[in-house]
Amino acid sequence: MPKNGRLAVLISGRGSNLRSLVNAAREGALDAGVSVVISNREDAPGLAYARQAGIEALCLDHRTWPSRDDYDRALALELWRRDIGMVCLAGFMRRVGPPLLEAFPDAVLNIHPSLLPSFPGLEAQRQAIAHGVTISGVTVHLVTTNLDDGPIVVQRAVPVLEGDTAETLAARILPEEHRAYPEAVARMLSGQWVVEGRRVVRRP
Ligand code: GRF
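Add 61 to the 1-based position in the sequence shown for the numbering used here, that's all there is to it.
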């Protein structure tokens, strides 16, 4: 359960989901704020955006730490120091493990461009087209140690059309991502939920 609305957004690239969270918070649609952006790549365009937007932005290059656990401990330390309540992975191209997940129980979210459990991992849109599904979409889920596998918080669907490519499908899913992530964060912050097995359900 997130302990406050101070968000950290972890990225590796473009940062359009980061923008959607910043905008939702600044427009008052979220009772939260993006307090820090962390990238594992200095050249991530999302880092430059965050700095322009006046948000603290740091690069923690994973190659600087000897192991995945050491890197995750370094991340957790930076987040603790800033009293972060919830961690949003948004195109963060790293698996995160126990040192981070145990520091933020039920408070680490990820966004994935398919309707999980279909098509986890890389190139989800390409996988969806190759499989021939006619509906795909986006999933925001709690992060566990298994890749793209935690309890689902929000899903939104889009049609897959004849002639779609991975790129055209990605372009149709992306606006739904930008709606789904703020919605999921708001749901988490409402506190009106519990995890029952794999399910995120309304608290009785
Ligand atoms: C999004 O498609 C997200 O679902 C996936 O990586 C992409 C990140 O895009 N995990 P952006 O950096 O937020 O624009």
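From the three backbone atoms N, C-alpha and C, an ideal C-beta is built for every residue, glycine too.
_Nonlocal neighbours in the same chain, by C-beta distance under 7 Å from L177, ignoring five residues either side_ = T200, H202, D209, I213
_Measuring only the C-alpha atoms, how far is A241 from D131?_
31 Å
*Straight-line CA distance for L150 to E223?*
31 Å
_Considering just the uninterrupted stretch of the beta strand (DSSP E) at E244, what are its terminal residues?_
Where E244 is concerned, there is no enclosing beta strand (DSSP E), although the alpha helix (DSSP H) it sits in stretches over 227 to 251.
*With 16 as the cutoff for other CB atoms within 10 Å, does L91 come out buried or exposed?*
buried
*Given that a residue counts as buried once 16 or more other Cβ atoms are within 10 Å of its Cβ, and exposed if not, what is I196?*
exposed
*Go through its chain and collect everything with a Cβ distance to C120's Cβ below 6 Å, but skip five positions before and after it.*
S100, E103
*Taking the runs of the alpha helix (DSSP H) that are 4 residues or longer, which of them lie wholly in the region 93 to 164?*
106 to 113, 129 to 142, 159 to 162
_DSSP beta-bridge partners of Q314_ = Examination of residue 314 is not possible in this model, given that the chain is present from 62 through 265 alone.
*Tell me whether P265 counts as near ligand 1, meaning its Cβ is closer than 7 Å to at least one heavy atom of that ligand.*
no
*Could you say which of R112, T125, L170, A135 lies nearest to G146 if we only look at CA atoms?*
L170
*Would W141 pass as a contact of A168 if the rule is Cβ separation under 8 Å?*
no
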